[in-house]
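Only one structure is covered here, and it is reproduced in the block below.
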Amino acid sequence: MEDFTHFDDRGQARMVDVGEKAPTRRRALAGARVYVSRDTLALIRVGGMKKGDVLAVAQVAGIMGAKRTAELIPMCHPVQVEGIDLTLTLDEARCCVDIRAAVRCDGRTGVEMEALTAVSAAALTVYDMCKAVQRDMVISDVRLLEKTGGVHGDFTREEN
């Protein structure tokens, strides 16, 4: 169990103590995709969904999700997020909504979970807003793309 930081020496779950760590600049970039039909993609593009502007609502949902991460993921520390950039683009070639979230802070722990929560909340919102016209959408490719700062160093995913 010594390799698992979220367990004590008795195997009990615990939140890691980051109090002794020096604050550093941290940034995380995450991505997700919602695969839709060509008809659904067209409706999103022209604003034809009855629930409203899919991309605008999903963008706000993603930002809200990042800010509430510590309430959703049990071992996440509350982080003073300093910036969240969330973008949703229509990818015609893949027939999907491509979602990216960049989250920044100066702190003692990273913001990877905030970025991942942001893209997940945005993807779920796209699904919710479009489910009246398509039920077989697929939320996929939720992944950390980049991370900087902290003792574990930087990470960049090799994308295909």
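According to my numbering, the stretch in the sequence shown is residues 808 to 967, in order.
Where a beta carbon is used, it is the ideal one built from N, C-alpha and C, also for glycine.
Ala839 versus Lys828: straight-line alpha-carbon distance, rounded: Counting from one through the sequence shown, the residue named residue 839 turns up at place 32. Counting from one through the sequence shown, the residue named residue 828 turns up at place 21. Spanning the two alpha carbons is a distance of roughly 31 Å.
Helix, strand or coil at Gly956 [DSSP, three-state]: Position 149 of the sequence shown, counting from 1, holds the residue named residue 956. The answer is coil: DSSP assigns Gly956 none of H, G, I, E or B.
Inter-stretch contact at 8 Å, needing at least 3 Cβ pairs: the segment 833-852 / the segment 906-920: yes
Simplified DSSP assignment, three categories, for Gly872: In the sequence shown, counting from the first residue as 1, residue 872 sits at position 65. Here DSSP, grouped into helix, strand and coil, assigns Gly872 to helix.
Residue environment, Leu879, which counts as buried when at least 16 other CB atoms sit within 10 Å: Sequence index remark: in the sequence shown, residue 879 carries index 72 (1-based). Leu879 is exposed by the Cβ-count criterion.
Thr876 burial status per 10 Å Cβ neighbour count (16 or more: buried): Residue 876 sits at position 69 when you count from the first residue of the sequence shown. Thr876 comes out buried.
Straight-line Cα distance separating Asp816 from Val843: Numbered from its first residue, the sequence shown carries residue 843 at position 36. Numbered from its first residue, the sequence shown carries residue 816 at position 9. Looking at the two C-alpha atoms, the distance is approximately 47 Å.
Through-space distance from Leu951 to Ala820, alpha-carbon basis: Counting from 1 along the sequence shown, the entry for residue 820 is found at position 13. Counting from 1 along the sequence shown, the entry for residue 951 is found at position 144. Their backbone Cα atoms lie some 24 Å apart in a straight line.
Unbroken alpha helix (DSSP H) run spanning Ile906, endpoints: Numbered from its first residue, the sequence shown carries residue 906 at position 99. Careful: Ile906 lies outside any alpha helix (DSSP H), inside the beta strand (DSSP E) at 903-914.
Beta-bridge partners of Asp898, as assigned by DSSP: Walking along the sequence shown from the start, residue 898 turns up at place 91. Note: Asp898 sits in a beta bridge opposite Cys903.
Delimiting residues of the beta strand (DSSP E) encompassing Arg833: For this step, residue 833 is matched to residue 26 along the sequence shown. It spans 831-842 - the beta strand (DSSP E) in which Arg833 sits, taken as one unbroken run.
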